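These notes are about the structure you will find just below.
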Amino acid sequence: MYSPPAPRPKSPVSPTPIPPLHVTTFGEFRCQINHTLITAAQWRSQRVTQLFLLLISADTHILTRSYIAAQLWPELDPISASNNVRVSLSRLRQALADTSTSNPLIIADNTRIQLLLPPHSTIDIDEFRLAVNASRRIYEHRTALPHLRHAADLYRGAYLADQPVADWQLTYREQSASEYIEIALRLGRTLLALNLHTELIERMWTLLNHDASIEEAHRLLMASYQATGNIEMVRRVYQSCKVLLWQQLGTSPHHDTTAMYQKVNAG
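Numbered by this note's numbering, the letters in the sequence shown go through residues 35 to 301 in order.
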């Protein structure tokens with residue numbers, strides 16, 4: 035008696051991979067999924083955007099619902115704020131087109147919400163932190179140089195400079211600005227030690243555009259111009275430094291800065 039062959043078992047269907055996220059937070063905030071920008075209309079409200087930014091900014095991209103409620107709705111009672119978190123989370127899923135249940139972009143339970151970054155995603159504040167920390171572990175100039183450059187290049191302006199200011203942002207903004215100054219000055223000292231004067235000059239003018247009162251940036255410029263024989267620019271930078279320090283801080287240049295200027299004039 036003929037028996038038909040048993041049907042072959044169906045191969046399991048692999049979940050559709052989630053496209054990568056690309057997020058910039060320094061200067062202008064932008065979020066792209068698979069290189070397609072999420073528009074203001076897709077975010078739907080500033081609170082939805084703020085919820086996403088809170089998750090992006092956290093080191094592990096995971097926060098408790100109670101923390102989110104306290105940051106975004108401090109004026110509301112806990113029950114009302116919790117309800118707003120639930121509604122905003124639903125809208126955030128829609129904005130990110132997070133419809134997959136087998137491989138979700140956001141996972142949440144009764145207490146926590148977590149953003150899961152797909153492979154090949156890029157978050158500039160994450161990369162900045164990694165580059166800063168890597169450079170701090172390295173003392174040799176040439177080895178540290180790529181990390182210093184990468185961190186400085188990532189800082190394209192104040193953290194979330196184009197977003198309405200919220201209290202929770204200020205810590206991130208102040209910390210990243212302080213770390214940028216630290217990195218940029220160390221990069222300047224490294225470039226001076228390696229006689230890379232063209233890059234040093236460009237980097238220090240960029241730093242001074244960020245904060246014109248950073249005296250060491252003026253001094254590094256003076257040293258670089260002196261090393262390349264541009265004595266007139268040494269004088270100009272010193273005079274500019276002197277005026278800016280008095281106008282912004284009510285102080286005079288440090289002895290080392292003035293001594294460099296006097297040495298050039300005496301020579």
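Every residue gets a Cβ at the ideal spot worked out from N, C-alpha and C, and that includes glycine. All figures in this text were calculated on a predicted structure; none of them were measured in a lab.
Reference residue i, options the options, closest by Cα
| i | options | result |
| --- | --- | --- |
| Asn68 | Phe86, Asn243, Asn264, Pro53 | Pro53 |
| Leu87 | Arg99, Leu226, Gln203, Glu208 | Gln203 |
| Pro244 | Thr262, Ser212, Glu233 | Residue 244 is actually His in this sequence, not Pro. Of the candidates Thr262, Ser212, Glu233, the one whose C-alpha sits nearest the C-alpha of His244 is Ser212. |
| Asn144 | Leu150, Pro152, Arg163, Val119 | Val119 |
| Thr73 | Tyr101, Ile172, Ala129 | Ala129 |
| Lys276 | Ser169, Tyr295, Ile265 | Tyr295 |
| Pro215 | Pro198, Glu233, Gln273, Thr240 | Residue 215 is actually Ile in this sequence, not Pro. The shortest Cα separation from Ile215 among Pro198, Glu233, Gln273, Thr240 belongs to Thr240. |
| Val57 | Ala75, Leu151, Ile157 | Ile157 |
| Ala261 | Leu234, Pro287, Trp280, Ala142 | Leu234 |
| Leu85 | Leu97, Asp93, Ala75 | Leu97 |
Nearest-angstrom Cβ-Cβ length linking residue i and residue j, presumed shorter than 8 Å
| i | j | result |
| --- | --- | --- |
| Thr70 | Trp77 | No, Thr70 and Trp77 are not in contact; Cβ-Cβ is about 14 Å, not under 8 Å. |
| Ala7 | Ile172 | No information on residue 7 is available, as it lies outside the stretch 35 to 301 that the chain covers here. |
| Phe60 | Leu188 | 6 Å |
Classification of residue i by the beta-carbon crowding that lies within 10 angstroms, buried from 16 upward
| i | result |
| --- | --- |
| Leu228 | exposed |
| Arg237 | buried |
| Gly222 | buried |
| Thr232 | exposed |
| His252 | buried |
| Ala186 | buried |
| Arg283 | Correcting the residue type first, residue 283 is Leu in the shown sequence and not Arg. When all chains shown are included, Leu283 counts as exposed. |
| Ile141 | exposed |
| Pro287 | buried |
Three-state secondary structure assigned by DSSP to residue i
| i | result |
| --- | --- |
| Ala178 | helix |
| Ala129 | helix |
| Gln66 | strand |
| Thr240 | helix |
| Ile172 | coil |
| Thr285 | coil |
| Thr98 | strand |
| Tyr189 | coil |
| Pro112 | helix |
| Leu204 | helix |
| Gly263 | coil |
| Asn299 | helix |
Residues that residue i bridges to, as DSSP identifies them
| i | result |
| --- | --- |
| Ala142 | Ile147 |
| Thr156 | His56 |
| Leu71 | Gln66 |
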